[in-house]
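Residue numbers for the sequence shown follow this note's numbering, beginning at 196 and rising by one.
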Amino acid sequence: DRAKLIATVPVAMEAAEQIAANAMQGGLFDALPDAGGPMADYAKVRPWGERERLKEEKTAIGFFLSGHPFNSFKSEVRRFVRRPLSQVEPSRDLVTMAGVVMDVRMKMTARGKMAFVVLDDGTAVREISVFNELYESRRGKIVVDEILIVDGKVSNDDFTGGYRIIADSLMTLAEARGRFAQRLEISLNGEVGEAGSASAAAQRLENLLAPYRDESCPVLVRYRNADAEGDLPLGAGWRVRLEDSLLDSLREWLPAEAVEVRYR
196 DRAKLIATVP VAMEAAEQIA ANAMQGGLFD ALPDAGGPMA DYAKVRPWGE
246 RERLKEEKTA IGFFLSGHPF NSFKSEVRRF VRRPLSQVEP SRDLVTMAGV
296 VMDVRMKMTA RGKMAFVVLD DGTAVREISV FNELYESRRG KIVVDEILIV
346 DGKVSNDDFT GGYRIIADSL MTLAEARGRF AQRLEISLNG EVGEAGSASA
396 AAQRLENLLA PYRDESCPVL VRYRNADAEG DLPLGAGWRV RLEDSLLDSL
446 REWLPAEAVE VRYR
C-alpha cells in the first residue's frame, strides 16, 4: 500500500532519529531497539485511487508506470465521446474527441501563432492544432495530465500522410459533464443516518455541494430506510458544477456506486 508507506515516512524518520539519539547516550548494545522501542506503526490512511497512484508515479520517476491516466475516466467519457482517438477519421462535420493532455507547445506558422496540444487516450496519440485566439481564451483549461475534450475538424494531411486536426472548441471534463449530463444522482440510506442522524447527513451533503452550486447540473437525492423511500430533486439553486473534487469527496463519504452522473 503506497499511500500507507508514504504517510508513514515522517513517523519512521522521527523514530530513527530517536534511536540514533539514544545510541549516542549508551553503549553498543543499547543502540539496538527492543519491542518496546520507538518503532512506529504504519499510518492509517485511505489507499490511493488509480489517478493518485499514477500522479505520484510520474512525480517520482517522470512517467506513468502501472497504467494510463485516461483509464480512470474512460467509461464515463465514452458516454459522450463515442470513438477513441485510434478511430478518429476525416469528416465534413466536427468530430468530438478526448484524451489526456501530454504536451503543449507554441509555434509561429504561416497562419500566425498556434498551439499544438498532444492528446493520448491509450489507443492513439493525436496532435491538435489550436489557433491563438482560441488558445488564449482557453489556455487555463489546457492542463498537462488532465482530460481535455475537443470539437475539431479532421482532414487528411498531404504533407505527413496522416490527419490534421484543427480545434473548434475545447472543454474540460467538468464542462463536458455540464454539457452532456442529465443529472447527478446521490443515494442515501438509513445507515448514513444512523452514523449520526438524518439531519447530520443532510448537513454534510449540503456542505459538500455548496462550493459547487448555482451551475448547470441538477441533483437528485434518492433516500431509503427501513420505513420509506423516495426521490428528492434539489432546487435550481442547488445545480452543481461536476468537478472531480466534488465527485471524489462524495465518494469518500458514500459508496462509489451511490454517486452517479447520469447522461442523456
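Beta carbons are placed, not taken as given, at the ideal position from N, Cα and C, and that holds for glycine.
This one's a predicted model, so the numbers in the text were calculated from it and none came from an experiment.
- Which term fits Ala-369, buried or exposed, when burial requires 16 or more other beta carbons within 10 angstroms of its beta carbon? buried
- Which residue spans inside the stretch 260-337 form an unbroken alpha helix (DSSP H) run of at least 4? 269-272 and 327-333
- Message: Suppose you measure from the CA of Leu-379 to the CA of Asp-298; what does that come to, to the nearest Å?
- Response: 32 Å
- Query: Roughly how many whole angstroms lie between the Cα atoms of Asp-340 and Ala-207?
  - Reply: 32 Å
- Item | Strand pairing of Pro-428, partner residues [DSSP] | Leu-415
- Message: Relative to the C-alpha of Asp-426, which candidate in Ser-324, Arg-417, Ala-393 and Lys-302 has its C-alpha closest?
- Response: Arg-417
- Output the distance between the C-alpha atoms of Ala-393 and Glu-322, rounded to the nearest integer angstrom. 51 Å
- Task: Name the two residues that bound the continuous beta strand (DSSP E) containing Gly-347.
- Result: 342-351
- Message: Taking a contact to mean a Cβ-Cβ separation below 9 Å, would you say Leu-365 touches Val-325 in this structure?
- Response: yes
- Query: Which first and last residues belong to the alpha helix (DSSP H) in which Asn-402 is found?
  - Reply: 393-404
- Query: Would a check of beta-carbon distances place Ala-215 closer than 9 Å to chain D?
  - Reply: No chain D appears in this structure, which consists of one protein chain only.
- Using the Cα positions of Arg-359 and Phe-375, report the straight-line distance between them to the nearest angstrom. 26 Å
- Message: According to DSSP, is Asn-420 part of a helix, a strand, or is it coil?
- Response: coil
- Message: Taking only three categories from DSSP, how would you classify Ala-230?
- Response: Model confidence at Ala-230 stands at a pLDDT of 49, short of 50, so the residue's coordinates are unreliable; what they give is reported in the following sentence. Three-state result, Ala-230: coil.
- If Arg-457 sits next to Gln-377, beta carbons under 8 Å apart, how far is it from one beta carbon to the other, in whole angstroms? 5 Å
- Message: Does the structure place the stretch 347-362 close enough to the stretch 408-415 that three or more beta carbon pairs sit under 8 Å?
- Response: no
- Item | N- and C-terminal bounds of the alpha helix (DSSP H) containing Asp-443 | 439-448
- Task: Going by CA-CA distance only, name the one from Gly-294, Asn-327, Val-295 and Arg-274 that's closest to Ala-305.
- Result: Asn-327
- What do you get for Thr-291, buried or exposed, if any count of 16 or more other CB atoms within 10 angstroms of its CB means buried? buried
- Item | Of the residues Leu-329, Ser-350, Glu-438 and Glu-331, the one placed nearest Leu-289, counting alpha carbons only | Ser-350
- Query: Residues bridged to Met-366 by DSSP?
  - Reply: Ile-344
- Query: Is it right to say Arg-273 is buried, meaning 16 or more other beta carbons lie within 10 angstroms of its own, or is it exposed?
  - Reply: exposed
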